[in-house]
Amino acid sequence: MENLLHRLLGGDNAKREAAERVINELEKQPEEYMISLISVLRTSTLSSVRNLACILIRQNLNVSEEGLWLKLDHNFQCSFRNELLQLLETEKELNVREKICQCIGELGLNLLENNTWPELLPILLSLSQSLDPATQLSGLTILHYIVPYFASMDRDDIPSLVALFHQTLQQHEQPLIQVETCRAVCSLLSKLETNDTIQFVTLIPLILRALSDMLNREHTEFACEIIRAMSDLVEVHATFFKQNLESLIQAMVSIARSKALDDDTRQASLEFLTLLIENSPNMIRSLPTSVLLTPLLQILFSILVEIDPDPAHTWEQDETEPDEAEPSMFNYTLGVLARVSQAIRGRVFLPPLYALIDRSMHNADWRYRHAVMYTLCQVGEIVTDETQRRQIAHYVITSFQDAHPRVRYASVRCLGQLATDFQPFLQHELSVSALTAIFSLLHADQPVRVRFITAAALINFVDGADPAVLQPVLGDMLHALLDALPSSPILVQKQILAAIASIADCVGAALAPFYPAVMPVIKPLYTQPSEAAERLGDSTERSSYRSTALECITCVGAAAEVPQYRQDARDVLEVMYREGMGEVEESSEMKNAMMSAWGRMCSALKEDFLPYVDMIVPILLKTAKQEVETPEELDDFLDEFDEDTDNIRTNAMEEKAIACRTLALLLNTLHCGLASYLPAITQTLPPLLNSTFDDIKMAALVSIPDLLTAISETIQDPASVESYRQTFLSLIDLLLSFIADESELDMLLPALQTLFYCMPRAVLQRNGPIPIMQGAEVARIIEVLHAALKASFERRAILSADVEREDWDEEEVEEFKEIEEGENQSHYWIASILGELLNGHSDFALPLIHEILLPDLFDCCDPSRTAGDRIVALVVMEKIVEYCGKDALSYYPQFLPIFRRELRVPDASIREVAAQALSLAAEFGGELLWDTAESCVRELQSALEDPAAAEACYAEANQWGIVAMGKLGFYCAPAISTLPAVYRFWLDRLPIEDADLLEICLSVMCALLEKGDVAFLGDTQQNVPRVLQVLCESLGRLGNAAAEQQVLRMIKTIEMQASPELMNALWNVLGSKAETIRQKLQSV
909 MENLLHRLLG GDNAKREAAE RVINELEKQP EEYMISLISV LRTSTLSSVR
959 NLACILIRQN LNVSEEGLWL KLDHNFQCSF RNELLQLLET EKELNVREKI
1009 CQCIGELGLN LLENNTWPEL LPILLSLSQS LDPATQLSGL TILHYIVPYF
1059 ASMDRDDIPS LVALFHQTLQ QHEQPLIQVE TCRAVCSLLS KLETNDTIQF
1109 VTLIPLILRA LSDMLNREHT EFACEIIRAM SDLVEVHATF FKQNLESLIQ
1159 AMVSIARSKA LDDDTRQASL EFLTLLIENS PNMIRSLPTS VLLTPLLQIL
1209 FSILVEIDPD PAHTWEQDET EPDEAEPSMF NYTLGVLARV SQAIRGRVFL
1259 PPLYALIDRS MHNADWRYRH AVMYTLCQVG EIVTDETQRR QIAHYVITSF
1309 QDAHPRVRYA SVRCLGQLAT DFQPFLQHEL SVSALTAIFS LLHADQPVRV
1359 RFITAAALIN FVDGADPAVL QPVLGDMLHA LLDALPSSPI LVQKQILAAI
1409 ASIADCVGAA LAPFYPAVMP VIKPLYTQPS EAAERLGDST ERSSYRSTAL
1459 ECITCVGAAA EVPQYRQDAR DVLEVMYREG MGEVEESSEM KNAMMSAWGR
1509 MCSALKEDFL PYVDMIVPIL LKTAKQEVET PEELDDFLDE FDEDTDNIRT
1559 NAMEEKAIAC RTLALLLNTL HCGLASYLPA ITQTLPPLLN STFDDIKMAA
1609 LVSIPDLLTA ISETIQDPAS VESYRQTFLS LIDLLLSFIA DESELDMLLP
1659 ALQTLFYCMP RAVLQRNGPI PIMQGAEVAR IIEVLHAALK ASFERRAILS
1709 ADVEREDWDE EEVEEFKEIE EGENQSHYWI ASILGELLNG HSDFALPLIH
1759 EILLPDLFDC CDPSRTAGDR IVALVVMEKI VEYCGKDALS YYPQFLPIFR
1809 RELRVPDASI REVAAQALSL AAEFGGELLW DTAESCVREL QSALEDPAAA
1859 EACYAEANQW GIVAMGKLGF YCAPAISTLP AVYRFWLDRL PIEDADLLEI
1909 CLSVMCALLE KGDVAFLGDT QQNVPRVLQV LCESLGRLGN AAAEQQVLRM
1959 IKTIEMQASP ELMNALWNVL GSKAETIRQK LQSV
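In terms of the numbering used here, the sequence shown opens at residue 909 and continues consecutively.
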């Protein structure tokens, strides 16, 4: 056996493979095999061979059916366990003893849980209290391996463990024993419930003393092990350290501050403090800042200052992009700053930070000013006060003129990040002069890296800007970028092209006047690569350069929407065609750029893109179908840290996502123009809802409504209708399964939107409506929506309980409100889908909603529920009223009191939906409202006269209230005793701003005029002048030509019956509009 193990360790592949075959045969005789390995452990003089023997033993101690252990005789198992324990007494080498301990620990854990080695625990406790340090270390090491068993043991045994750990932690002359004890303690506590950890609190001072011993004796590796063990614990039970918090913080701060220690040890202490803050922010906020935050910030800042002073100026002469992802103490410190700021938030974190910055921002040593910029860059996201934002932005822009190039680089880099963190505030605040200062850093006299980061910062600035913000500086910005392009190295050119592309995406058609100046400069960079690009020796670099140019060309063309782009796009496509798409296969970056470009060119060319479809769609389909797997080495990482793959990206994932998005875009633009590819697209895109990557799932979602539209446009006969039905039902089933399984709002909201957009496609219009769904399909949709609604309520309840239980600060509460708003949006889409079902399939939908949803919806109407809950209920009730005709009448006694009550609540959105619902109820309910009509009118009047209603947020609610009042007057006139006053109140609030709602009011008004309603016109026609004024003022506000003609006819009719004095008075009131209206009346 020893010879076999020698061969396994040797470098001769043939001998190693032969030895492996022999070992495999020996495993078929497990007892002899295990005895021979034990014999090697007893007799071999080579530690490497004994190590390997331990490894092979451990591999075969699996107690599952696949392992060798269960194949061993019971008596042999007992003797083998004893042999392992005896080996601890004879083995002198520490590394091998560790391997034997691992064997005993893993076997013991399984057998203890099965209660088949009960004597092990007393043996281990005895070993751990031995006077022999080596034996004691072995006992503690094995205890560490069986920690999961202790987590489930009787809590009465905890005091004996605490006593043992007290004893071993105080063996100051035995560092290995102290370290192993710390590891065992922290591992055990991580497995216990919080209440069960209390008895171990007394160990913390001893652990800190052990840590001090390690540092004093310069055992920094052991010190790191202790700190890392505590870091693992703090992630699970941060409050465990509360009783010793200040002494613990003092120890870790002292380690992090010590420049005499190596970076690994300092970094370990910083990581512990960071995890402590992240996992117990409220506990840290309650401390004086002088205890942790201030010293921590000082340490972090001092590390940022400790960079190479670079006396030879090599940095500014370098023409390569700085590698900011490279592992270093500097980059790690930046990460800590970001993590701590996010955990503590601005109210507590920023004051001590600002004090530190104020002392450093004008330091003569450029490294301090450089550190300030990097610090501000990391924490900008938590700065919410506008005055502070303005001061930071001013200081950063002033630093553009700093004498040192690395400070200029850091300031522009900072501005680029602040453009994201402060958007849109920063974009609105920056003056033209400030932007000009940015453009000046593109000049050739600046170091390449400064120019590179300037173009990159402009991209961030533009991405967060409103088009109106860029309009005043658009010409200057493009001029500066185009001027800098030819003289810049490739590194900078690529960033400039990317900046121009971002500008195009932002300003859209406003780029059209600049198209003649921009396109002739950028187009040849792809169609006729410049000499500079051709000099790039590496084909990958050339491809990267051209892909950037292609993106810029197509972004500019798609934005400008000028006729010239059609020819420019054809030229680009012809170059692709001539090159035979060769670059698509050889370069991932070029392939991605080309696929994205096809989508943009298709949107611009529309039907002119069809000749290229046969060249392009097969490539997109092939890429969308390619299998994408998480690399094996990443799987281990994800398993260990319980991470998912949603945010783990590879080139293959990116390619697949872009191909899917481009296919979806082509579908949206060309529809049935892709007729021959629709079956392949149907088989490719929708099933990708099962992908693990969000971008791919999103593309699949977006494609489904357009896919249904495209297929419906190809229907020619009854067989096609049946095929469409099968496809529709299959896609809806896939979508519903996705919604049922999805709990993350980022994907759930788009999925609900997609389902909403699919609902109109559930009825084909072919010489009359053809319903696609039957009762079973409608029932499935309602059941899934009901489950999604209940799941949303549960998520919000859990979050609300956390808010009440935790001492959250204002910023965290704001984050909660954002999540709550997301949940409310999901409710809105659920209600809207139900409305579409009621609209197209009311015979099926209404009974199902009554049975499945209505009880929950009535619960949502309770005044104690949130606005979002009440709105979803109101919307569904409103849709029942609107779409269900006579079948809805039986619900009016339950609905109307709810509508009336919600008319005067403080929430504007609830008021709006309630008024909308009441207006529909008045129209469709008729006499059912007569008993409550007068009270409804009073509620509406009170709501409209409420002083709070003058606020802008109530505008929509007020307009719907006016609509409802007009309909109540018209449809419920016999039940309203004060009808003339109601109509006068209504007239005084017309016309309203919303064109669609104004059209509704005018249709009611015209109907009243046509029947000569006395209550409306007045006993002596006294309301006619006001009616005429409203009609005239409404002209020009309506988007519907037919409605405007109706209003003109009504004015003409009144004019023919009214006195000249009345009409002259009207024209005088209308002023300059009078002549225009009179001209329009002549054509009626």
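All C-beta atoms, glycine included, are put in the ideal place defined by N, C-alpha and C.
Values in this document were obtained by computation on a predicted structure and should not be read as measured data.
For a quick check, are the C-beta atoms of residue i and residue j less than 8 Å apart?
i	j	result
residue 1734	residue 1660	yes
residue 1203	residue 1161	yes
residue 1156	residue 1134	no
residue 1597	residue 1529	no
residue 1871	residue 1827	yes
residue 1460	residue 1524	no
residue 1411	residue 1370	yes
residue 1083	residue 1122	yes
residue 1741	residue 1693	yes
residue 1680	residue 1670	yes
residue 1754	residue 1746	yes
residue 1817	residue 1788	no
residue 1254	residue 1207	no
residue 1087	residue 1108	no
residue 1281	residue 1319	yes
residue 1210	residue 1147	no
Can you tell me the Cβ-Cβ gap for residue i and residue j, rounded? I've got them flagged as a contact below 8 Å.
i	j	result
residue 1782	residue 1822	6 Å
residue 1362	residue 1343	With 8 Å as the limit, residue 1362 and residue 1343 do not qualify as a contact, their Cβ atoms being about 11 Å apart.
residue 1435	residue 1470	That pair is no contact at about 18 Å.
residue 1047	residue 1032	5 Å
residue 1052	residue 1091	6 Å
residue 1565	residue 1517	Not quite, the Cβ-Cβ distance comes to about 21 Å (not below 8 Å), so this is no contact.
residue 1514	residue 1577	6 Å
residue 1400	residue 1360	5 Å
By the DSSP assignment, the beta strand (DSSP E) with residue i in it spans what residues?
i	result
residue 1677	1677-1679
What are the partner residues of residue i, as DSSP defines its beta bridges?
i	result
residue 1965	None, per the DSSP bridge assignment.
residue 1672	1678
Return the first residue and the last residue of the alpha helix (DSSP H) that residue i is part of.
i	result
residue 957	955-967
residue 1644	1626-1649
residue 1328	1313-1329
residue 1424	1423-1430
residue 1471	Premise fails: residue 1471 is in no alpha helix (DSSP H) and is neither H nor E.
residue 1262	1254-1268
residue 1076	1066-1077
residue 1774	No alpha helix (DSSP H) holds residue 1774; DSSP gives it neither H nor E.
residue 1087	1083-1099
residue 1125	Taken as a continuous stretch (DSSP letters only), residue 1125 belongs to no alpha helix (DSSP H), as it is neither H nor E.
residue 941	938-951
residue 1352	Segment: none, residue 1352 is in no alpha helix (DSSP H) and carries neither H nor E.
residue 1160	1153-1165
residue 1057	1055-1058
residue 1176	1171-1187
residue 1921	That residue, residue 1921, is in no alpha helix (DSSP H); it is neither H nor E in DSSP.
residue 1384	1382-1392
residue 1879	1863-1879
residue 1225	1222-1225
Going along the chain, which unbroken runs of the alpha helix (DSSP H) with 4 or more residues stay wholly within the segment 1565-1633? Restricting attention to alpha helix (DSSP H) runs no shorter than 4 residues, the segment 1565-1633 encloses them at 1586-1592, 1602-1621, ordered along the chain.
Considering only residues of the segment 1744-1816, which uninterrupted alpha helix (DSSP H) runs meet the minimum length of 4 residues and lie entirely inside it, listed in chain order? You should have 1762-1768, 1775-1791, 1800-1809.
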